[in-house]
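K.L.:
Numbered per this note's numbering, the sequence shown spans residues 1178 to 1251.
Backbone N, C-alpha and C define an ideal beta-carbon position, used for all residues, glycine too.
Before we start, here is the structure in question, set down as structure tokens.
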Amino acid sequence: MKRVEEEHNIEFKSYFADALEALQEFAEADLIHIDDTKITVSTTGTLLIRNIAMPFDAYMKKYAQSKKTFSKTV
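As structure tokens, this is what we get:
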């Protein structure tokens, strides 16, 4: 998180507040662990890594309201 903040001149938790909120269901299922410095994915969580990464995808947000379709995940 710190590296992203430094490289992009942002405050990670503020900038990605929506994404971090969306990740809570994965954290509650013990698929990821979020602390002040990093997001760690469990071995089981790696099977759903695409779903875990989706909240950070700017294009998914941008086109969520459009008729564009994206490949489905499990």
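Select from E1205, I1211 and A1206 the residue whose C-alpha is nearest the C-alpha of K1190.
P.N.:
The shortest C-alpha separation from K1190 is found at I1211.
K.L.:
Can you say whether I1229 is buried or exposed, counting buried as having 16 or more other CB atoms within 10 angstroms of its CB?
P.N.:
It is buried - the Cβ of I1229 has at least 16 other Cβ atoms within 10 Å.
K.L.:
In three-state DSSP terms, what is I1211?
P.N.:
Strand.
K.L.:
Taking the alpha-carbon positions, what's the A1199 to E1184 distance?
P.N.:
Distance between the alpha carbons of A1199 and E1184 is about 24 Å.
K.L.:
Relative to the C-alpha of T1221, which residue among A1206, A1235, P1232 and D1234 is closest?
P.N.:
Nearest C-alpha to T1221: A1206.
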